[in-house]
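Asker: There's a structure below that I have some questions on.
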Amino acid sequence: MLRFATPAVLAVVSILCAGCGDSKKGGGPTGGTGKDSEPAPAGPAKKADLENGAIVKGVIRFEGTPPQDKALQIDGDDFCRKQHGEGMKSEYYLVKDGKVANCLVYIKDGLQGRYEAIAGNPELDQKGCRYDPHVLGMVAGQALLIKSSDATGHNVHAIPKKNDEFNIMLTKAGDQITHAFRSAEIVPFKCDIHNWMSAWVGVFNHPFFAVTGEDGAFEIRGIPPGKYTLEVWHEKFRVQRVEVEVKEKETKSVEFPAYKAE
Amino acid sequence: MRRGERGAAGGLVLALFLAAIAVAVVALWFWRGWLPPQASEQARGVDRVISYIAAAAGLILVGGHFVLARFVLASRREGGPAYRPAGRRAELLLSVIPVAVMVAVTEVGTMVLGAPVWKDVHTRQPGDLEVEITGMQYEWLARYPGGDGQWGRRDIEEFDGAINPLALDPRDRAGKDDIVSRGVIVLPAGRGVWFSIRSWDVLHGFNVPAFRLKQDAVPGMVTHLRLVPSAPTPPGAPLEVACAELCSSGHYRMKAKVIVLSPEDYAKWLETAPRFGD
Amino acid sequence: MSADAGPRGFLRRFVFCSDHKAIGVQYLVLAMAMSVVGVGLSFWFRAQLAWPGAQIMTPEQYVMAVTMHGTIMIFFVVSAALWSGLGSLVVPLQVGARGMAFPVLGPVGFWTNVAGAAVMVASFFVEGGASAGGWTAYPPLSALRNSGAGALWGTTLWILGMALFIVSFTMGALNVVATVLNGRTRGLTLMRLPLATWTWLVSAVLGLFSFPALTAAAILLLLDRHAGTSFFLPSGLLVSGRPMPNAGGAPLLFQHLFWFLGHPEVYVLVLPAVGIAFDVLAAFGRRPVHGYRTTVWALLAIALLGMLVWGHHMFVSGMNPFLGTAFSVTTLLITAPFALLGVNLLASLWRSRIRFSTPMMFALALISAVGAGGVGGLFLATSAANLHLHDTYFVVGHFHLMIGVVTLMGTFAGVYYWFPKMFGRTMNETLGRIHFWPTVSGAFAVFVLHHFQGLGGLTRRYYEHTQDVFQGPASLHPAVTLLAYVAGAAQLVFLVNFAWSAFAGPKAGGNPWEATTLEWTTASPPGRGNWEGELPEVVGEPYGYAEGPDGTGFRMQNAEGGR
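Chains as they are written, first to last, in our numbering: chain A, 1 to 262; chain B, 1001 to 1278; chain C, 2001 to 2563.
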């Protein structure tokens, strides 16, 4: 009997697996399901009130000499080499005059319920063997358009913790895919063909986030009145938080402690 | 037989067709050089083995097909020679000869021509240059021990896809002068190279067709391969590493360049190449 | 499938039917259905290879299609049609038995096989897609669920589909062994068995010895994937920059287990094809086969040596080089019995009086395919040459010639030959010719060209070869694809012929080919129990051709007289 017990169990399991695989596939337009994720806040998504909402803004700063980015070795790939005659550097520490780019600033705590996106669907391009932009934010459920502008193969590899991982080749310029993340988290992106390429996509349940530009400045609009915890995230620096309270139509400047050379 | 007559023409065509296949196979072989250029001393040995088998097996193949065609053609003659069972002697000869020929052709070939090459590519010689090759989805990385001849330690936590893809430990002094070369493998001509091949993730196949050699990169172990690059590659025309072991969808993009330099140029490159600790 | 007093009712007749002849036909139909999937996949990825600019598929789809093409064709087409289908049909008839030794294992094995095939097909539709780690499913790629295309669920289903196949094959093999050893009719000694049945017996034993290794490997792989074990996963793994917690496993262990099955599996499939060819050559060459005795010894030698050569798939895997030499020696030794088989096949044509019917055409083409496939094997078995040829199109061409062309030539020869025993009719000869020529020309051309592409270093399993140094050999891709389409399309003729002839082909008597083995001593198709009344009693050798004073007569295996 034992001889047949194992295969019988395997058979049953296989049928079960086929079943659950199929139902997952039907779960959403991209097949994404938030496994072991904290449930998104219940209720229908509210609209952010850009007219009457508050604005929070500020600048992320760095004191002292920031770490330096290093030259990348790209000689193995003729296409990337041609795009960058002067060579490429890693893009971890974009700090200019003490102002830090590529920081993600967002409301961490204090919001009630979910909010709809303010901006249209975000885009992540692969251009000159880099992800462009390097850091971006989006609202969960939005369709992220991922495309390639490079006439070489790239491999879009998202490595989330709560959402489903995916790994798709874009073989030529103009190729594109869309993907919707269901759970809030900051998702690292890689290209396995060019392992230096990376990007970070912040996924939130609300549209109250901003990415700092070269001037280190951020501005978040349409925030409903209330008390919030604001957080700043940077891929290499530690996360910092400040408490902020805003009233209707108020514009408030927020100062995070400056990052310091360690 | 009614059926036999109707099919006789088909049989004639079939016999000629089968013979033609055999001839075509052999002709194709000699028609043009199918093998890539020889870029290592070992390539000559490998090519010799391949050519030997091609000649020996090709002869057997053509011979067999001509026998096949002849028997088929002979059988369509009306009232052709009647069957009689092969005698004990004939049967014995027809058993012993093919076995003996096959064993001789193959085992002698592999022992006389093949074994020396096989041994050569698996035996490290004193004075060989050791180069470490690491495969990862979907890149090849080369490492040289630098002036101290010592390999720096790896610490997997130090991995950084952009600037430290080999996860060298910055605290290890031995690693400071290690040279990491990404996607480009630089080798000196005329000197033995002992490759130590590793993988970070899945199986990869370190394969340079022009060297005529390949060896899998297996995570968790180090595999080796020895070869002597025969001549410097012309500028702008490097050799190609093409991954030979399926490593998922980007397998076909897992390429690297091999640049062979003259010993002088190699020494210069070694001096100027950026070190890990820089 | 006979219409006489069998059990009534759809379920009893078709689903739980334990008649070996019906099960044989069911396997053939299953194989035809699965070949539509398997061949369809190859049509798809051959288009991508030939015209990469058109981007007919994505790289993920490509690796899935290649993987599933191999798996489906080997296990659910060739094995189902040749080994299980024709084996179920022919073995009891050739040994003079009323049925298989364990009649219930027949339908159970068949439906298990169907379940396996269904799981394989279902795997295309699960999250992450079908398995994409190659039909060899080497770990770590197959053991890591985050390693890329098809890794999430596809490989799990692949393992389960294989498990079902193994169960099914094991039932079939047990049945064949028991039937041949214990179910032979009176007078039928082992050395009087037709060679086709000999090959089924030998390959069944071979399969029973080798499949447990793959079963073990599949279970361990499943545990690695879903239970967090590390049988095949070493420490220090870093996947897409993420350190993995595994430690202590050995990726090479899987390769050993896989090929311990994988190589014997080649002989499991090839030997019955050769056995069928012997039977067909004798029947249509109107003379006994040459060297019956040495052929049997060669088969046994191949089976024995076949268990000792698996390492020749692993010359460049990182296995100890001394083992490489050892496996090279054993592998080249196995060419000796194969050469003997080849010579015996050839010599069986000496002074023959050939009737060029379709089965004979396929049997003759099989001889050629064995030769051409064997030549490629000599290169690959020589470890030094393997350094260059491993994982190139040379390998692809070689194994397609052996387990694609040889096996299909044998299958077709067998189907055309034994068709009367399935449906009481013969297949259409003209359609047979129309099927034969493009099949043989296309298949040979495609796979011989593969060899030359491989000599040029063209690596297999590449989505495209546009961005590399292989431009010369890759330029043959469009031609190869078109030839493959011709050969593939010709199979439609076979399907039409099969279906049409089953219902409307010319009625065949009990022995339309004037053949001598036992299956031809009963009606076409044989009724339940295969023989009305007494079972035949064998009195002589299986191939009683070229009898009588003028050498044109024949004598049935159960008929007195003759030499």
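For glycine and all other residues, C-beta sits at the position ideal for the given N, C-alpha and C.
As the structure is a prediction and not an experimental result, all values here were calculated from the model.
Just to make sure I have the definition right: I need the residues of chain B whose C-beta is within less than 8 angstroms of the C-beta of G153 (chain A). Which are they?
Answerer: Residues of chain B passing the Cβ test: G1250 and R1253.
Asker: Is K47 (chain A) buried or exposed, if buried means 16 or more other CB atoms sit within 10 Å of its CB?
Answerer: Its Cβ having fewer than 16 others within 10 Å, K47 (chain A) is exposed.
Asker: What do you get for L2214 (chain C), buried or exposed, if any count of 16 or more other CB atoms within 10 angstroms of its CB means buried?
Answerer: Burial call: buried.
Asker: So, at 6 angstroms on beta carbons, what are the nonlocal neighbours of L2476 (chain C) in its own chain, with the 5 sequence-adjacent residues on each side left out?
Answerer: Around L2476 (chain C): L2449 and Q2453.
Asker: Alpha carbon to alpha carbon, how far is H194 (chain A) from Y93 (chain A)? Give it in angstroms, no decimals.
Answerer: Distance between the alpha carbons of Y93 (chain A) and H194 (chain A) is about 19 angstroms.
Asker: With 9 angstroms as the C-beta to C-beta threshold (strictly closer), list the residues of the segment 1165-1181 of chain B near chain A in chain order.
Answerer: Listed in sequence order: P1165, V1180 and S1181.
Asker: At a CB-CB cut-off below 7 angstroms, which residues of chain A make contact with V1184 (chain B)?
Answerer: Neighbours of V1184 (chain B) on chain A, chain order: D75 and G76.
Asker: Just how far apart, CA to CA, sit G43 (chain A) and R114 (chain A)?
Answerer: Going by the C-alpha atoms only, they are around 7 angstroms apart.
Asker: Just verifying my parser: in three-state terms, what is the DSSP assignment at W200 (chain A)?
Answerer: Strand.
Asker: Cα separation between P1238 (chain B) and M2314 (chain C)?
Answerer: Going from the Cα of P1238 (chain B) to the Cα of M2314 (chain C) covers about 29 angstroms.
Asker: Would you say G2544 (chain C) lies against chain B (beta-carbon separation less than 7 angstroms)?
Answerer: No, because no Cβ of chain B sits closer than 7 angstroms to the Cβ of G2544 (chain C).
Asker: What is the rounded straight-line gap between the Cα of A1267 (chain B) and the Cα of E1041 (chain B)?
Answerer: Their backbone Cα atoms lie some 21 angstroms apart in a straight line.
Asker: Tell me T2459 (chain C)'s beta-bridge partners as DSSP assigns them.
Answerer: DSSP, once it has assigned bridges, lists C:T2392 as partnering T2459 (chain C).
Asker: Which residues, taken in chain order from the segment 2371-2397 of chain C, show a beta carbon closer than 7 angstroms to some beta carbon of chain B?
Answerer: Within the segment 2371-2397 of chain C, the qualifying residues are G2371, A2372, V2375, L2378, F2379, T2382, S2383, A2384, A2385, L2387, H2388, H2390 and D2391.
Asker: In three-state terms, what does DSSP make of F256 (chain A)?
Answerer: Of the three classes helix, strand and coil, the one that applies to F256 (chain A) here is coil, per DSSP.
Asker: When the distance is taken between beta carbons, is H157 (chain A) closer than 7 angstroms to D192 (chain A)?
Answerer: Yes; because the gap between Cβ atoms is below 7 angstroms, this pair is in contact.
Asker: Indicate whether S2383 (chain C) and G2324 (chain C) have their beta-carbon atoms separated by less than 7 angstroms.
Answerer: Taking 7 angstroms as the Cβ cut-off, S2383 (chain C) and G2324 (chain C) qualify as a contacting pair.
Asker: Give a single yes or no on whether H1065 (chain B) has its beta carbon closer than 6 angstroms to a heavy atom of the ligand GTP.
Answerer: Looking at this structure, you won't find the ligand GTP or any other ligand, since it has none at all.
Asker: Between I1163 (chain B) and chain A, is the shortest Cβ-Cβ distance under 7 angstroms, so that the two count as touching?
Answerer: So yes, I1163 (chain B) belongs to the interface.
Asker: Please report the straight-line C-alpha distance between G216 (chain A) and I168 (chain A), rounded to a whole angstrom.
Answerer: When rounded, the distance between both Cα atoms is 33 angstroms.
Asker: List the residues that DSSP assigns as beta-bridge partners of R1129 (chain B).
Answerer: The residue asked about is misnamed: residue 1129 (chain B) is Leu in this sequence, not Arg. According to DSSP, L1129 (chain B) bridges with B:V1193.
Asker: Cα separation between L2518 (chain C) and G2096 (chain C)?
Answerer: Approximately 6 angstroms, taken between the alpha carbons.
Asker: I need the straight-line Cα distance from V2025 (chain C) to F2498 (chain C), nearest angstrom please.
Answerer: Rounded to whole angstroms, V2025 (chain C) to F2498 (chain C) spans 11 angstroms at the Cα level.
Asker: Taking Cβ-Cβ distances below 8 angstroms as the criterion, which residues of the segment 2035-2059 of chain C are in contact with chain A?
Answerer: Cβ contacts with chain A: Q2055, T2058 and P2059.
Asker: Assign V1202 (chain B) to one of three DSSP states: helix, strand, or coil.
Answerer: Residue state, collapsed to three classes: coil.
Asker: With a threshold of 7 angstroms between beta carbons, is K162 (chain A) in contact with chain C?
Answerer: No, K162 (chain A) does not count as interfacial toward chain C.
Asker: Which parts of the segment 1087-1170 of chain B are runs of the beta strand (DSSP E), unbroken and 3 residues or longer, counting only runs that do not cross its ends?
Answerer: Listed in chain order, the complete beta strand (DSSP E) runs (minimum 3 residues) inside the segment 1087-1170 of chain B are 1129-1136 and 1139-1144.
Asker: Quick one: which residues of the segment 1224-1246 of chain B get their C-beta closer than 7 angstroms to a C-beta of chain C? List them in chain order.
Answerer: The residues in question are E1240, A1242, A1244, E1245 and L1246.
Asker: Residues in its own chain within less than 7 angstroms of V1013 (chain B) by CB, not counting five upstream and five downstream?
Answerer: Here the set comprises nothing.
Asker: With distances taken between CB atoms, is the gap from P2359 (chain C) to A2413 (chain C) smaller than 7 angstroms?
Answerer: It is a contact, given that the beta carbons lie within the stated cut-off.
Asker: Taking 7 angstroms as the threshold (beta carbon to beta carbon), is W200 (chain A) in contact with chain B?
Answerer: Taking Cβ atoms only, chain B never reaches closer than 7 angstroms to W200 (chain A), which makes this a no.
Asker: Bridge partners of G2087 (chain C), per DSSP?
Answerer: According to DSSP, which records beta bridges pairwise, G2087 (chain C) is partnered with nothing at all.
Asker: Give a yes or no on whether the minimum CB-CB distance between N2175 (chain C) and chain A is below 7 angstroms.
Answerer: Closer than 7 angstroms: no.
Asker: How many Å lie between I50 (chain A) and G222 (chain A) at the Cα?
Answerer: It is Leu, not Ile, that sits at residue 50 (chain A) in the sequence shown. Cα to Cα, L50 (chain A) sits roughly 4 angstroms from G222 (chain A).
Asker: Starting from the C-beta of L2387 (chain C), find all residues in its chain whose C-beta is less than 8 angstroms away, skip the five residues before and the five after it, and write them out in chain order.
Answerer: Taken in chain order, the residues that qualify are F2315 and V2316.
Asker: Could one say the Cβ of E1130 (chain B) lies closer than 7 angstroms to chain C's Cβ atoms, at least one of them?
Answerer: No, its Cβ sits nowhere closer than 7 angstroms to a Cβ of chain C.
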